[in-house]
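Notes follow the structure.
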Amino acid sequence: MNFTLKVWRQRDAKSQGHFETYKVENISEGTSFLEMMDILNEQLASEQIDPVAFDKGCKEKHSGPVSFNHDCREGICGACSLYINGRAHGPESGVTTCQLYMRKFKDGSTITIEPWRSRGFPVIKDLVVDRGAYDKILQAGGYVSVNTGGVPDANAIPVPKKNADESMDAAACVGCGACAATCKNGSAMLFVAARVSSLALLPQGKVEGARRAKAMVAKMDELGFGACTNTRACEMECPKHISVSHIARLNREFLCAKFKD
Amino acid sequence: MRNWKQININHNMTELVSKIPEGPIEQKWTNHKAAIKVVSPANKRKMEIIVIGTGLGGASAAASLGELGYNVKVFCISDSPRRAHSIAAQGGINAAKNYQNDNDSIYRLFYDTIKGGDYRSREANVYRLAEVSNNIIDQCVAQGVPFARDYGGLLDNRSFGGAQVSRTFYARGQTGQQLLLGAYAALNRQVAKGSVKSYPRHEMLDLVLINGEAKGIIARNLTNGKIERFGAHAVVIASGGYGNTYFLSTNAMNSNGSAAWQCYKKGAFFANPCFAQIHPTCIPIHGDQQSKLTLMSESLRNDGRIWVPKKIEDAKKLQEGKIKGSDIPDEDRDFYLERRYPAFGNLVPRDVASRAAKERCDAGFGVNNTGKAVFLDFKYAFERLGREVVDARYGNLFDMYKEITDVDPHEEPMMIYPAIHYTMGGLWVDYNLMTTIPGLYAIGEANFSDHGGNRLGASALMQGLADGYFILPYTIGDYLASRFKEPKTDINAPEFEAAQKAVEEKIAKLMSIKGKRTPDSIHKELGHIMWEYVGMARNEKGLKKAIELIQALREEFWSNVYVAGEKEVFNQELEKALRVADFLEIGELMARDALNRSESCGGHFREEMQTEEGETLRDDKNFMYVSAWEYDKDNEPKLHKEPLKFEFAHVATRNYKD
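Residue numbers (my numbering), protein chains in the order written: chain F, -14 to 246; chain S, 82 to 739.
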């Protein structure tokens, strides 16, 4: 398969970015999207090694390999973060970019690749953004306050299966940032809700539930993420199908906490 | 009374002192804890510890040390601690809870692990691991890890390879993720409190020694390319394994052996480098453009049956794509694991299952176009349990398989083939998890001590968390107790100056070569050499050839690599080049170790040493030792041996047949 790629290039956080166009050829159907990016990068490196041998007709031919975030390549680490043809993690539902395969694209088509666009995620280089804000939100209260040791036997805390399963549904969040990148308001509500809801469903997390909800929401606001407007775009683009019902639970936790103040 | 000067002398004599406590095995850890020193809270506040890596080992250690009151600096190469590769572990974590009433016990977990490791791990460490396994489950539940539960609200278990009891705790197919999020949450809590400072996107490029003791690191800030210095009273390496030496593996793309390797080059011994685990249930290689291999959880072997055709002509037709697996009737299927190992069947340990798959494929019975795949079939589970029950157990794995291969496991059997997954070898550590360099510790996959020649499934998570939550926080106190009067390490000391200079020169050299080959292309070539000669089956001739080929490739790298971009910016090509430079050295040591160990044990299979039935043939008389390699800048590495004594586990030939 052959593709034309329009890729966002940006030297660093302060520089002005722009699109560049590249061609990749002889891509097999079973190749993953990120492997296709690897092939592009080998090609771009080769162009620098031997600039004369290549002429792909692009504006800035010799700008070198494209930087992009990636690591586990099996959809669980949450590192990959591409906006593909205007959608977070591309056209498929319920997968991260690394789980996207080229057989899902039309041979000969043009693919536009951008970084996450959100005030909370400044660009570091090309397609790489800084998602440190998500760490900071979790540091504000996304934990159960127990030290190592001195805890009861695991089976001393029974949890109804239904709650454990729902807690697990929320805990499946990989922290990739697709929710905030997709939201027209740049809201991180689905991310915050996933953590708050996952812990609120368990007896272990109930004790400090009120404090947690307030602290995490306050931190999210402080870091420049917008408010939720209920468009459910986040749910649509979440690679782990995290449901907006968790946002409802977050709202309930938050309001109850505020009323108690 | 412990005398640190004595230990330093021992170190200079390069004598391996494992410091295994005296006494019966079930008393060793208890007695040791009572004997080692502790640091008072007021003094903990004055002390600094560096932790490299934020997987299960690093995150749990950093959090626990922070809780104790130490000042911790924790480093990871990803943009967030949560992305460490522990996150990808699927199946579960072992513990000897005996919640299933199937006669499990600490002793049984200990014995299974020793036997699974083919009697090449250290008995006292393994017993301790089994002993603290139960605390881990308690800890994780208290943190809010959503383990699978039964309708009564209590925890559920599943079975894993190498065990005849059901002791594996799990959170769907995402156990590693959930355990890591637990440890990461504990870490976040300490970051918020100020006891831990987190340095994401920082890569350790050298270890700094002052008077022979680990006192700090040189790191590259991956966001801006700046070289930075960090000092401490002790350094903990929790940077995982070196499986990516093979290029294609189930490790994450950025997983690397470089942090541990810098320690080796600064004098820490590297133990059992040839012990690499090959996982039997990975998705087969599809072509040249592939960047990594995807693991399918071992838990699938609970209910899936592994087979190839009985008739070679059926295999040929499968290879040519003329028929599908489902076209072959039951009577023409060879369930080779059930046939060869009736007692354990599809749940034999990983090394045994991998070799058996290779044996069938080498004999021509492979089932895909490359001839390098076997079937893992859920047809029988669907018939026995119903689709709903099976999907509840493995649904997400089926989805993942379908996404990658475009084949639905409900209709056609899955195809699997072995792939590099984990490295049992690592930095040599004593019972305190300290390396041969005073003040330098290694935990989790980065050390060597618990898994011997082969790791059992669901034991990596157990070991990472055991080391980080329950072992290192105690043992490191013993070292630090005598040093609380020492001032904070001065990062302007000449040792830091020299280490930074060396790092900068290495980077400048890499950037200046401007040759014709990308780091990836050389890495790929190394991977081919490793898989061919230092892979699932090894022999003397091949290993000697591998050493020559790797040396030549290393020369090629240092004379003809091309590193794109600049050094003082975000530059993933430079990151890769630095790691590949180390893989080119690690690979050679692995081959050297495999050459020295002319016996077969666990995942290390020397073709010269096998039984008539093709099983591993250990040589306990000559090789019942840990090989610990000492770096020598100008000569070949020097081999030291730590003899292994089994006082409590009965040493026998591994038998999974009856």
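Even for Gly, the Cβ is constructed at its ideal location relative to N, Cα and C.
- Who are the neighbours of S:H166 on chain F, taking C-beta pairs under 9 Å? If you number the second sequence from 1, residue 166 of chain S lands on position 85. Listed along chain F, the residues sitting closer than 9 Å to S:H166 by beta-carbon distance are D56, C57 and C62.
- For F:H74, count neighbouring Cβ atoms within 10 angstroms of its own Cβ and tell me buried if that reaches 16, exposed if not. If you number the first sequence from 1, residue 74 of chain F lands on position 89. By the neighbour-count rule (16 or more Cβ atoms within 10 Å), F:H74 is buried.
- Query: Per the contact definition of three or more C-beta pairs closer than 8 Å, is the region 196 to 211 of chain S in contact with the region 275 to 286 of chain S?
  - Reply: Touching, no, given that fewer than three Cβ pairs across the two stretches are closer than 8 Å.
- Message: Just to make sure I have the definition right: I need the residues of chain F whose C-beta is within less than 8 Å of the C-beta of S:L235. Which are they?
- Response: For the purposes of this step, residue 235 of chain S is identified with residue 154 of the second sequence, where counting begins at 1. Under the 8 Å cutoff, chain F gives N140 and P143.
- Message: Let me make sure I understand the geometry here. Which of S:N124, S:V98, S:R189 and S:G150 has the alpha-carbon closest to that of S:F729?
- Response: Here the question's residue 729 of chain S lines up with position 648 in the second sequence. When only C-alpha atoms are compared, the closest one is S:R189.
- With burial defined as no fewer than 16 other Cβ atoms inside 10 Å of the residue's Cβ, what is the status of S:A152: buried or exposed? Here residue 152 of chain S is taken as the residue at index 71 of the second sequence, counted from 1. Before going on, a small fix: residue 152 of chain S reads as Asn here, not Ala. S:N152 sits buried, since 16 or more C-beta atoms from the chains shown fall within 10 Å of its C-beta.
- Query: Out of S:R564, S:A211 and S:L268, which has the shortest C-alpha to C-alpha gap to F:V129?
  - Reply: As a first step, residue 129 of chain F must be located in the first sequence, where it is residue number 144. Cα-wise, what sits closest to F:V129 is S:L268.
- Task: Quick one: which unbroken alpha helix (DSSP H) runs of 4-plus residues sit fully inside the region 689 to 732 of chain S? Chain order, please.
- Result: For the region 689 to 732 of chain S, whole alpha helix (DSSP H) runs of length 4 or above, ordered along the chain, are 701 to 704.
- Going by alpha carbons, who is nearest to S:L477 out of F:G63, F:Q(-5) and F:V80? Start at 1 with the first residue of the second sequence, and residue 477 of chain S comes out as number 396. Reading off the sequence shown, one finds Asn at residue 477 of chain S, where the question assumed Leu. Sorting F:G63, F:Q(-5) and F:V80 by C-alpha distance to the C-alpha of S:N477 places F:V80 at the top.
- Test: S:S372 CB closer than 8 Å to a CB of chain C: The question asks about chain C, but that chain is absent: this structure's protein chains are F and S.
- Cβ atoms of S:A444 and S:E455: under 8 Å apart, would you say? For the purposes of this step, residue 455 of chain S is taken as the residue at position 374 of the second sequence. For the purposes of this step, residue 444 of chain S is taken as the residue at position 363 of the second sequence. Note on identity: in this sequence residue 455 of chain S is Val, with Glu being the wrong assignment. Taking C-beta atoms as the reference points, S:V455 and S:A444 fail to come closer than 8 Å.
- Report yes if the CB atom of S:A627 is closer than 8 Å to the CB atom of S:E688, and no otherwise. Along the second sequence, read from residue 1 onward, the residue named residue 627 of chain S stands at position 546. Along the second sequence, read from residue 1 onward, the residue named residue 688 of chain S stands at position 607. No. Outside cutoff.
- Query: Between S:M515 and S:H314, which are expected to be in contact by the criterion C-beta below 8 Å, what is the C-beta distance as a whole number of angstroms?
  - Reply: For the purposes of this step, residue 515 of chain S is identified with residue 434 of the second sequence, where counting begins at 1. For the purposes of this step, residue 314 of chain S is identified with residue 233 of the second sequence, where counting begins at 1. Not a contact, Cβ separation roughly 13 Å.
- Query: If we call anything under 8 Å between Cβ atoms a contact, is S:V661 one with S:E654?
  - Reply: Taking the second sequence and counting its residues from 1, the one referred to as residue 661 of chain S is at position 580. Taking the second sequence and counting its residues from 1, the one referred to as residue 654 of chain S is at position 573. No, Cβ-Cβ distance for S:V661 and S:E654 is not below 8 Å.
- Query: Are the C-beta atoms of S:Y503 and some chain F residue less than 8 Å apart?
  - Reply: On the second sequence, residue 503 of chain S is found 422 positions in, with the first residue counted as 1. It does not; no Cβ of chain F falls within 8 Å.
- Message: Strictly under 8 Å for the Cβ-Cβ distance: is F:E45 near chain S by that measure?
- Response: As a position in the first sequence, residue 45 of chain F is number 60, starting the count at 1. Unreliable positioning characterises F:E45 in this predicted model, as indicated by a pLDDT of 49, which lies under 50. A coordinate reading is not provided.
- Message: Can you tell me whether S:G197 is helix, strand or coil according to DSSP?
- Response: By one-based count along the second sequence, residue 197 of chain S stands at place 116. Of the three classes helix, strand and coil, the one that applies to S:G197 here is helix, per DSSP.
- Should S:G695 be labelled buried (16 or more other beta-carbon atoms within 10 Å of its own) or exposed? Counting from one through the second sequence, the residue named residue 695 of chain S turns up at place 614. Only exposed fits S:G695, as fewer than 16 other CB atoms lie within 10 angstroms of its CB.
- Query: What in chain F is Cβ-close to S:M334, meaning under 8 Å?
  - Reply: As a working mapping, residue 334 of chain S is identified with position 253 in the second sequence. Within chain F, the residues near S:M334 are H55, D56, C57 and R58.
- Message: Three Cβ pairs or more, each shorter than 8 Å: is that satisfied between the region 161 to 176 of chain S and the region 235 to 251 of chain S?
- Response: The region 161 to 176 of chain S, when compared against the region 235 to 251 of chain S, does touch it at the 8 Å Cβ threshold.
- Where in the region 199 to 283 of chain S do unbroken runs of the alpha helix (DSSP H), each at least 4 residues long, occur, reported from the N-terminal end onward? The alpha helix (DSSP H) runs lying completely inside the region 199 to 283 of chain S and spanning 4 residues or more are 204 to 224 and 256 to 274, given in chain order.
- Under a CB-based cut-off of 8 Å, is S:L288 close to chain F? Along the second sequence, read from residue 1 onward, the residue named residue 288 of chain S stands at position 207. It does not: the Cβ of S:L288 has no partner Cβ on chain F nearer than 8 Å.
- chain S contact residues for F:I69, given Cβ-Cβ distances below 9 Å: The residue given as residue 69 of chain F occupies position 84 in the first sequence. What F:I69 touches in chain S: nothing, since even the nearest Cβ is about 16 Å away.
- Query: Taking one C-beta from the region 211 to 229 of chain F and one from the region 188 to 196 of chain F each time, how about it: are there three or more such pairs within less than 8 Å?
  - Reply: No: fewer than three Cβ pairs fall under 8 Å.
- Message: Classify S:E578: buried if its beta carbon has 16 or more other beta carbons within 10 angstroms, exposed otherwise.
- Response: Walking along the second sequence from the start, residue 578 of chain S turns up at place 497. Classification of S:E578: exposed, given that the 10 Å Cβ count is below 16.
- Query: Got a sec, what are the start and stop residues for the alpha helix (DSSP H) F:M205 sits in?
  - Reply: Here residue 205 of chain F is taken as the residue at index 220 of the first sequence, counted from 1. That run of the alpha helix (DSSP H) goes G194 to E207.
- Task: Locate the alpha helix (DSSP H) running through S:K460, then write down its first and last residues.
- Result: The count along the second sequence starts at 1 and reaches residue 460 of chain S at position 379. K460 to L466 is the extent of the alpha helix (DSSP H) around S:K460.
- Message: If we define contact as Cβ-Cβ less than 8 Å, is F:Y7 a contact residue for chain S?
- Response: Numbered from 1 along the first sequence, position 22 holds the residue referred to as residue 7 of chain F. Judged by the 8 Å Cβ criterion, F:Y7 is not in contact with chain S.
- Any heavy atom of the ligand NAP closer than 7 Å to the Cβ of F:C241? Among the ligands in the structure shown, none appear at all, so the ligand NAP cannot be discussed.
- Is the beta carbon of S:R386 less than 8 Å from the beta carbon of S:N427? By 1-based counting over the second sequence, the position of residue 386 of chain S is 305. By 1-based counting over the second sequence, the position of residue 427 of chain S is 346. Yes, these two residues count as a Cβ contact at 8 Å.
- Coil, strand or helix - F:S230 by DSSP: Along the first sequence, read from residue 1 onward, the residue named residue 230 of chain F stands at position 245. Helix, per DSSP.
- Query: Do you know how far the Cα of F:A64 is from the Cα of S:T256?
  - Reply: In the second sequence, the residue the question calls residue 256 of chain S occupies position 175. In the first sequence, the residue the question calls residue 64 of chain F occupies position 79. Answer to the nearest angstrom: the Cα atoms are 18 Å apart.
- Task: Measure the C-alpha to C-alpha separation of S:R749 and S:D193 and round it to an integer number of angstroms.
- Result: In this structure chain S extends from 82 to 739, so residue 749 of chain S is not present and cannot be described.
- Along chain S, which residues have their Cβ under 8 Å away from the Cβ of F:G2? Your numbering for residue 2 of chain F matches position 17 in the first sequence. Ordered by position in chain S, no residue passes the 8 Å Cβ test against F:G2, which lies about 14 Å from the chain.
- Task: Excluding the 5 residues preceding and the 5 following S:G520 in the sequence, name in chain order all residues of the same chain whose CB lies nearer than 6 Å to its CB.
- Result: Reading the second sequence from its first residue, position 439 is the one you call residue 520 of chain S. Around S:G520, the same chain offers E294, A295 and A315 as residues with beta carbons nearer than 6 Å, after the five sequence neighbours per side are excluded.
- Message: Using 8 Å for Cβ pairs, my map puts S:D219 next to S:A229. What's the rounded Cβ distance?
- Response: Your numbering for residue 219 of chain S matches position 138 in the second sequence. Your numbering for residue 229 of chain S matches position 148 in the second sequence. With a Cβ gap of about 16 Å, S:D219 and S:A229 do not count as contacting.
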